[in-house]
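Student:
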Amino acid sequence: MVSRNPNNGYAVGISQKRKLLIFWILQIFGWIGYLVIYTFFVTDSRPDSLLELFLLSITYVSGFIVSLLLWRVYKKLRQKKMSPYLLLVKIIFYSFVFAFLWLALDWILSYPFWSPENVKEKMQVLKKVTWIFGWTMYYFLLLLPWSLLYFLINFWIDWNEQKGIAERNKELYNEARLIMLRYQLNPHFFFNALNSINALIDENTDLAKEMIFKMSDFLRYSFLSDNKLMVDLDDEITIIKKYFDLEKIRFEEKIQITYDVDPNTLELKIPGFILHPIVENAIKYGMKTSPLPLIINITSKKTKDGLFLQISNTGKWVGEKINIQKIMLQKGVGLKNVYSRLENTFGSDFEFNISSDDEKVQVGMDLSFSKLIGNGKKN
113 MVSRNPNNGY AVGISQKRKL LIFWILQIFG WIGYLVIYTF FVTDSRPDSL LELFLLSITY
173 VSGFIVSLLL WRVYKKLRQK KMSPYLLLVK IIFYSFVFAF LWLALDWILS YPFWSPENVK
233 EKMQVLKKVT WIFGWTMYYF LLLLPWSLLY FLINFWIDWN EQKGIAERNK ELYNEARLIM
293 LRYQLNPHFF FNALNSINAL IDENTDLAKE MIFKMSDFLR YSFLSDNKLM VDLDDEITII
353 KKYFDLEKIR FEEKIQITYD VDPNTLELKI PGFILHPIVE NAIKYGMKTS PLPLIINITS
413 KKTKDGLFLQ ISNTGKWVGE KINIQKIMLQ KGVGLKNVYS RLENTFGSDF EFNISSDDEK
473 VQVGMDLSFS KLIGNGKKN
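The sequence shown begins at 113 in the numbering used here and counts up by one.
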């Protein structure tokens, strides 16, 4: 069995480690800049002594600490789906709450360095709600830009990642179509299919017409689905059935196909042509290694977290020991394209498994509901 390897070189976007590095660079130098600009260029009162400068530094160190706490809250907030207006309201709310925490932390850290006169004075003003609210608003106006910048920078990074993923998916989709056309729509395939249809014309005219219609449907799907990156599982199963019908003209009773498809999965969206390369391999290598008839089974079912798809065939695994890394390094291999497209569509929310024994080869995919467009409903 093999599973997803995040280090195969096909990931799109900025790594989590690099994102974290960018955050800490901006966080550290941003707060240093905050201190310098507000202390020496914005505020009316300048620090007259090292103690005052030290107390101002404590204020911004407090802000630094509070912003890290706020960062933890925002990381969880970004994982939830909500409208931009609701998100803005939450940003304002949390900025105000943490501004109050900033004020409280600033007082706690500064208290040991206050003179007795300052302690007495500050204890008096602490009783005034308007004073507390005013200083909370001051810290809020400092913390709100930090919050907005955090989300704007992350939105920009996410937008660029999604753009890169879309471009990569389009490239892989076109590659999948080329692989399919190279394997299926070749002269040998046409020769066998047309010869079989020609033989049926005299023996069974109705069956010959039916096969011509199926070949027409198959070619139409192959050539006219350029812009459909995601298709209903029902559509994918339908075209595979048409393809199997054409192959059965060639192999007759030497091949048998069974379907164990959950009707509740048929409206889920999957990447187009994602099953075809696996079906191709099942026929190509199964006919060489399986006792006849070759039996191929296609399974789909809902799981707790998403969709499970599996194509199994009687026979043996051909070639070296199953190793996803070696598959990814080969050229022109359908499984390589399948894995790459799954990774670019589902990120880390999928498993791609291949298992084999002396009697059967199984290729399975566990796909996450969070990325299955449609989630069981028609768009």
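Glycine included, every Cβ here is placed at the ideal spot set by N, Cα and C.
Comparing C-alpha positions only, which one of MET399, GLU392, LYS448, ASN376 sits nearest to LYS413?
Tutor: Minimum Cα distance to LYS413 is reached at ASN376.
Student: Determine the contact status of ILE410 and ILE423, defining contact as a CB-CB distance below 7 Å.
Tutor: Contact: yes.
Student: Should ILE367 be counted as a contact of the ligand COA given a C-beta to heavy atom distance under 6 Å?
Tutor: With respect to small molecules bound, the structure shown includes none, and the ligand COA cannot be examined in it.
Student: What does a CB cutoff of less than 7 Å around LEU213 pick up in its chain, not counting 5 residues either side in sequence?
Tutor: Same-chain partners within the cutoff: VAL178.
Student: Is the beta carbon of ASN425 closer than 7 Å to that of ILE373?
Tutor: Strictly speaking, residue 373 in this sequence is Val, with Ile absent from that position. No, they are not a contact pair.
Student: What is the DSSP secondary structure of PRO403, counted as helix, strand or coil?
Tutor: The answer is coil: DSSP assigns PRO403 none of H, G, I, E or B.
Student: Are the region 345-352 and the region 382-397 touching by the rule of at least three beta carbon pairs closer than 8 Å?
Tutor: The region 345-352 is in contact with the region 382-397.
Student: Kindly indicate which residue of ASN316, GLU471, LYS129, LEU454 has the alpha-carbon position closest to the one of ARG280.
Tutor: For the residues ASN316, GLU471, LYS129, LEU454, the minimum Cα distance to ARG280 belongs to LEU454.
Student: How would you call LEU253, buried or exposed, if buried means at least 16 neighbouring beta carbons within 10 angstroms?
Tutor: Exposed, because fewer than 16 other Cβ atoms sit within 10 Å of the Cβ of LEU253.
Student: Please report the straight-line C-alpha distance between TYR295 and TYR451, rounded to a whole angstrom.
Tutor: Confidence is the limiting factor: at TYR295 the pLDDT is only 49, short of 50, which leaves the residue's position unreliable and the question unanswerable from this model.
Student: I need the DSSP call for ASP470, collapsed to helix, strand or coil.
Tutor: Here ASP470 sits in coil by DSSP.
Student: For the candidate residues PHE481, THR457, TRP429, whose alpha-carbon lies nearest to that of SER467?
Tutor: The candidate whose alpha carbon is nearest that of SER467 is TRP429.
Student: If you draw a straight line from the alpha carbon of LYS354 to that of LEU133, how long is it in whole angstroms?
Tutor: Cα to Cα, the separation comes out at about 51 Å.
Student: Roughly how many angstroms separate the alpha carbons of LEU180 and ASP270, rounded to a whole number?
Tutor: Approximately 21 Å, taken between the alpha carbons.
Student: Quick check on THR248: buried or exposed, where buried means 16 or more other Cβ atoms within 10 Å of its Cβ?
Tutor: So THR248 ends up on the buried side.
Student: How big is the Cα-Cα spacing for LEU167 and TYR206?
Tutor: Taking the straight line from one Cα to the other gives about 25 Å.
Student: Can the beta-carbon of ALA311 be found less than 7 Å from the beta-carbon of LEU358?
Tutor: No, the pair does not count as a contact, with Cβ atoms beyond the cut-off.
Student: Among TRP136, ILE367, LEU261, which one has its Cα closest to the Cα of PRO405?
Tutor: Ranking the options by Cα distance to PRO405, first place goes to ILE367.
Student: Since SER259 and LEU189 should fall inside the 8 Å C-beta cutoff, what is the C-beta to C-beta distance between them, to a whole number of angstroms?
Tutor: Between LEU189 and SER259 the Cβ distance is about 10 Å, and since that is not below 8 Å, they are no contact.
Student: Excluding the five sequence neighbours on either side, which residues of its own chain have a C-beta within less than 7 Å of the C-beta of ALA394, listed in chain order?
Tutor: Cβ within range, chain order: ILE408, ILE423, ASN425.
Student: Helix, strand or coil for LYS428? Go by DSSP, reduced to three states.
Tutor: LYS428: coil per DSSP, three-state reduction.
Student: Could you tell me which residues DSSP pairs with VAL343 in its beta bridges?
Tutor: Looking at the DSSP assignment, VAL343 forms a beta bridge with ILE382.
Student: Determine the DSSP secondary structure at ASN316, reduced to helix, strand or coil.
Tutor: Correct three-state label for ASN316: coil.
Student: Can you tell me whether PRO389 is helix, strand or coil according to DSSP?
Tutor: Here PRO389 sits in helix by DSSP.
Student: Assuming GLY418 and SER460 make a contact with CB atoms under 8 Å, what is their CB distance in whole Å?
Tutor: No, GLY418 and SER460 are not in contact; Cβ-Cβ is about 13 Å, not under 8 Å.
Student: If you run the structure through DSSP and keep just helix, strand and coil, what is MET477?
Tutor: Correct three-state label for MET477: strand.
Student: Mind checking ILE361: buried by the 16 CB within 10 Å criterion, or exposed?
Tutor: When all chains shown are included, ILE361 counts as buried.
Student: In whole angstroms, what is the alpha-carbon distance linking PHE263 and THR171?
Tutor: Looking at the two C-alpha atoms, the distance is approximately 24 Å.
Student: Check whether the Cβ atoms of LYS381 and MET342 lie closer than 7 Å to each other.
Tutor: Cβ distance < 7 Å, so LYS381 and MET342 count as in contact.
Student: Less than 7 Å separating the beta-carbons of SER174 and ASP218?
Tutor: Yes, these two residues count as a Cβ contact at 7 Å.
Student: Report the rounded CA-to-CA distance for PHE135 versus ASN449, giving the unit in angstroms.
Tutor: Rounded to whole angstroms, PHE135 to ASN449 spans 34 Å at the Cα level.
Student: So, under 8 Å CB-CB, THR457 and PRO383 are touching, yes? Tell me the CB distance rounded to an integer number of Å.
Tutor: Contact flag correct, Cβ pair sits at about 5 Å.
Student: Verify whether the separation of the beta carbon atoms of PHE420 and ASP344 is less than 7 Å.
Tutor: Not closer than 7 Å, so no.
Student: Keeping to the same chain, check which residues put their C-beta closer than 8 Å to that of ASN266; ignore five residues upstream and five downstream.
Tutor: Contacts found: ARG190.
Student: Drop a sphere of 10 angstroms on the beta-carbon of LYS443, count the other beta-carbons inside from all chains shown, and report buried for 16 or more, exposed for fewer.
Tutor: Unreliable positioning characterises LYS443 in this predicted model, as indicated by a pLDDT of 48, which lies under 50. A coordinate reading is not provided.
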